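**Q** One structure, pasted below without further comment.
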Amino acid sequence: MVKHFAGVSSPEQGLNTLRTTYDGIPAVSHHHTLTDILGEEWGYHYVVMTDAGGSDRVCSYFKL
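What follows is the structure, encoded as structure tokens:
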């Protein structure tokens, strides 16, 4: 378990991305944060989701 989330002791863990950007990239699609830091550095390999249509807004903005 990632030490930053030790208070969540259930095996059904999940995180929610914020409706914000980092270096101009929406948090819901920021590869460095979601993969490099969360997955590789922190060892978190569970569910990461978005709320409030975050992924839809990214697709609409980039016309995907």
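Just so we're aligned, residue 46 is where the sequence shown starts under my numbering, counting upward by one.
C-beta atoms are modelled at their ideal positions from N, C-alpha and C, and glycine is treated no differently.
None of these values were measured; they are calculated from a predicted model.
I think VAL92 touches GLY59, with their Cβ atoms under 8 angstroms apart; what is that distance to the nearest whole Å?
**A** 4 angstroms
**Q** Looking at the unbroken beta strand (DSSP E) that takes in GLY59, where does it start and where does it end?
**A** 59-61
**Q** With H, G and I counted as helix, E and B as strand and the rest as coil, what does DSSP make of THR78?
**A** helix
**Q** Is MET46 helix, strand or coil when you go by DSSP?
**A** Legend: pLDDT at MET46 = 49, less than 50; position of this residue unreliable, no value from coordinates given.
**Q** Using the beta-carbon count (16 or more within 10 Å), is HIS111 buried or exposed?
**A** A question about residue 111 goes unanswered here, because the residues of the chain that appear run from 46 up to 109.
**Q** Spatial neighbours of LEU79 within its chain, please: CB distance less than 7 angstroms, with the 5 preceding and 5 following residues excluded, ordered by chain position.
**A** VAL93
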